[in-house]
Amino acid sequence: MKNILIYTIILIACLGCNDDYLDVTPQDRVSEDAVWSDPNLIAAYHNGLYNGIPHGFGRHMISKYSDEAFSNFWDIQRNTLNPDNVTSVGGGNTNYLYFWGRAYQYIRKVNVFLEEMEDPQVELPDLDRMVGEAKFIRAYMYFEMVRRFGGIPLVTEVYALGDEVMFTRNTFDECVDFIDAELDEAIALLPQSYASTDADFGRATQDACQALKSRMWLYAASPLFNSSNDMAVWQKTADAAELLLDRGYSLHPDYRQMFIQESGAANEELLFVRNFSVSNSHQAPIINMNRRYGGYGGWSASNGPTQNLVDDYDMENGQPPFIYDNGQKQLNPAAGYDPQDPYADRDPRMDYTLLHNGSEYRGDVMEMWVSSDEATWGFDSFRQSGDNPRSNYVLKKFMPDEDIPLDWSTPFHMPWIHFRLAEIYLNYAEAQFELGNESVCREYINMVRARPSVALPPIGNDVTGEELRRRLYNERRIELAFEGHRYFDQRRWKVPLEELSSPIMGMDIIKDAASGELTFTPFVLGEREPFEDHMYLLPIETNEIQRNPELEQTPGW
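Residue numbers 3 to 559, in this note's numbering, belong to the letters of the sequence shown in order.
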């Protein structure tokens, strides 16, 4: 790295930093010596490392590669991904599903920073904190890679641009042990937490490290990576989550408001977030809202919620609308679900998460219907505009209630939530279930369901065994919808191949031209190719394998 001009790195690092960090002379090129001899530039470089952690706001949310959302750009969703097209779901538009090149780009930046901080040229009062944050960031990026690819090369040294270095994959267990140790080192250097109203909230803390441990050990214990179902790994998962249970966090009483508060709002459920500001904002609402509000909710069919998801919301009485008998989906007679009044008396989180025909929002009533004679249609129908989602559902979860004009110049500041207490509860519940402690599992599922704005009946003691597992998995699907979990959860659970091959569904709504009566009929939005066993993990792009003959392709690809 010596004597390499790193203007590009500093420019990236400064994004999202205070304006003071941009006061650089000369303004077009910054040498490395200048960076490491200036505390402000060091701080700017360090702050920029956080950009390596992927967030979920963007045109291509990871949800659209699962059964949560539908998209026309759906190579992964329809199971036609391969090593030659995998980068088409890469870093563009903040879609980080193929997280390889960008990950190593930022890992190298962290490695450079840590190497320089071993013997800094200037005094840095916050040196320990900065090093701890850098280690957390590197651990987070390695985890993001591991849950996509399994074992990956662990690179902790800095190599010059001209060096020819061939890397081989470390094993999955080696990667997990490295991440765990990296987080232990970070914990020793970081404060326990910041209040969500603190200016430093969004920086790494001990609790953020522990939350990442909780998620990482959950993956390590799951069937995809723990084929022998080693109970010791499940115990580590439980232990990692348990450490956060008495740290003073609590569930936000209002599920809807939690996701539309701006950065800096009081919220005792949050452990770690990506903050946004006026100078560093996002456009999630304009990308995902329907055309009525100037949004592009169907532009290239981006992120329209699916009928698959809607079917899995419980009724207000706590019963699932559908049950499964020998794998066959059928109506639950105890639920009171009416297929021709499909949105009545459902889990409140459904209306907090999505808009459907008849939803009231910003003083409007959503209309997704088409008349039986096809002469007229609702204003929110795909027939009205290609910028309305084809599924006839609109993502609402992160969209503001205020009547804000939607255009590309409107900045939005709602944070992306990386970790929150409800996830920790569900991680803990899953670990306790696998350890045989079903009463504890039910207790923590029911704590999530008891949130005041949700207030669903508890899952009873008569729900046990595989039925409790199904309810646990479904609670995670509903509570964490569109937060970047579903794609990975289905894979770490190794759900049956048939489930990952089933079609993506929408809701067809026909309005009788004479009577005005509505008829609701689920329809196939897209058929998926058969999912195969090797598809649980992503392939590495062909070019990466060709550049590095020592790098093994993901098995089966």
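Backbone N, C-alpha and C define an ideal beta-carbon position, used for all residues, glycine too.
Suppose the cutoff is 7 Å on Cβ atoms and the five residues either side in sequence are ignored; what does the same chain contact list for residue i look like?
i, result
"Ala243", "Ser216, Ile426, Asn429, Tyr430 and Ala433"
"Pro344", "Phe522"
"Ala36", "Leu43"
"Phe435", "Cys443, Leu470, Arg471 and Leu474"
"Gly92", "At Gly92, the pLDDT of 48 sits below 50, so the modelled position is not reliable; the number obtained from the coordinates is stated separately. Cβ within range, chain order: Tyr100."
"Ala516", "none"
"Ala303", "Note that Ala303 scores 45 on pLDDT, short of 50, meaning its location in the model is unreliable; the coordinates nonetheless yield the value given after this. Closer than 7 Å at Cβ, skipping near neighbours: Phe72, Ser73, Asn74, Pro391 and Arg392."
Distance check for residue j and residue i, CA to CA, integer angstroms please.
i, j, result
"Tyr106", "Asn113", "10 Å"
"Gln555", "Asp514", "55 Å"
"Arg364", "Asp349", "21 Å"
"Leu553", "Pro155", "8 Å"
"Met132", "Asp200", "17 Å"
"His487", "Glu362", "28 Å"
"Trp102", "Thr170", "14 Å"
"Ala457", "Tyr257", "11 Å"
"Ile289", "Met233", "43 Å"
"Arg104", "Gly54", "7 Å"
"Pro85", "Ile511", "39 Å"
"Gly134", "Ile109", "14 Å"
"Glu546", "Thr89", "11 Å"
"Tyr221", "Arg494", "6 Å"
"Ser383", "Asp366", "14 Å"
"Leu520", "Asn394", "14 Å"
"Arg205", "Phe274", "8 Å"
"Gly438", "Gln237", "11 Å"
"Ile64", "Glu34", "36 Å"
"Thr207", "Gly306", "35 Å"
"Pro127", "Val465", "55 Å"
"Gln309", "Val372", "17 Å"
"Leu83", "Thr355", "29 Å"
"His420", "Trp219", "16 Å"
"Cys177", "Glu440", "31 Å"
Could you round the C-beta distance between residue i and residue j to whole angstroms and report it? I think they count as a contact, below 8 Å.
i, j, result
"Val312", "Met352", "7 Å"
"Asn292", "Pro391", "7 Å"
"Asn277", "His254", "With 8 Å as the limit, Asn277 and His254 do not qualify as a contact, their Cβ atoms being about 17 Å apart."
"Ser265", "Pro417", "5 Å"
"Glu485", "Val450", "Wrong, their Cβ atoms sit about 13 Å apart, outside the cutoff."
"Arg150", "Leu539", "7 Å"
"Met537", "Pro524", "Wrong, their Cβ atoms sit about 25 Å apart, outside the cutoff."
With distances taken Cα to Cα, identify the nearest neighbour of residue i among the options.
i, options, result
"Glu445", "Pro460, Arg453 and Val456", "Pro460"
"Phe2", "Asn545, Ser39, Phe59 and Tyr363", "Past the edges of the chain, shown from 3 to 559, lies residue 2, and the structure says nothing about it."
"Ser73", "Ala483, Asp366, Gly388 and Gly380", "Gly388"
"Glu271", "Trp559, Ser39, Leu423 and Val88", "Leu423"
"Gln330", "Glu500, Lys238 and Ser33", "Glu500"
"Glu454", "Asp165, Ala206, Leu397 and Ser252", "In the sequence as presented, Glu is not what sits at residue 454; that position holds Pro. Minimum Cα distance to Pro454 is reached at Ser252."
"Phe145", "Leu129, Ile181, Asn228 and Pro551", "Ile181"
"Pro341", "Leu357, Phe324, Tyr354 and Thr355", "Phe324"
"Asn172", "Pro193, Trp219, Met147 and Ala190", "Met147"
"Leu527", "Pro505, Glu543 and Gln79", "Pro505"
"Gln321", "Gln309, Ala336 and Thr308", "Ala336"
"Trp38", "Ala46, Gln123 and Gln79", "Gln123"
"Tyr295", "Val396, Ile262, Asp314 and Ala267", "Val396"
"Ser374", "Pro498, Gly462, Arg249 and Gly518", "Gly518"
"Gly153", "Asn328, Met218, Asp175 and Ala136", "Asp175"
"Gln212", "Ser229, Ile406, Pro193 and Leu226", "Pro193"
"Leu245", "Ile189, Ser198, Asn231 and Cys177", "Ile189"
"Glu404", "Gln263, Glu125 and Pro41", "Gln263"
"Ala136", "Tyr52, Ser198 and His57", "Tyr52"
Once the 5 residues before and after residue i are set aside, which same chain residues still bring their CB inside 6 Å of it?
i, result
"Asn81", "Arg530, Glu531 and Phe533"
"Phe203", "Tyr196"
"Tyr161", "Val167"
"Pro541", "Pro85, Val88, Thr556 and Trp559"
"Met370", "Asn359, Gly380, Asp382, Ser383, Asn394 and Ile511"
"Leu247", "none"
"Arg478", "Leu428"
"Asp347", "Met317 and Glu318"
Kindly list the residues whose CB is nearer than 8 Å to the CB of residue i, restricted to its own chain and excluding five residues on each side of it in sequence; keep chain order.
i, result
"Gln386", "Arg293, Trp379 and Gly380"
"Val157", "Tyr106, Ile109, Arg110, Asn113 and Phe169"
"Tyr315", "Pro323, Arg348, Asp349, Arg351, Met352 and Ile480"
"Pro28", "With a pLDDT of 35 at Pro28, under the threshold of 50, the modelled position of this residue cannot be trusted, and the question is left open."
State yes or no: is the C-beta of residue i nearer than 7 Å to some heavy atom of the ligand COA?
i, result
"Ser374", "Ligands in the displayed structure: none, and consequently the ligand COA is not present."
At 4 residues or longer, and completely inside the segment 461–503: list those alpha helix (DSSP H) runs for me, N to C. Runs found: 467–481 and 488–494.
Taking the runs of the beta strand (DSSP E) that are 3 residues or longer, which of them lie wholly in the segment 356–393? none
Write down every uninterrupted run of the beta strand (DSSP E) in the segment 300–334 whose length is 3 residues or greater and which is fully enclosed by it, in chain order. 324–327 and 330–333
Any alpha helix (DSSP H) of 4 or more consecutive residues that is wholly inside the segment 122–167: 129–151
Only counting runs of 4 or more residues, tell me where the alpha helix (DSSP H) segments fall wholly within the segment 396–465, in order along the chain. Listed in chain order, they are 423–436 and 440–451.
Can you list the alpha helix (DSSP H) stretches of 4 or more residues lying completely in the segment 217–252, in chain order? 233–244
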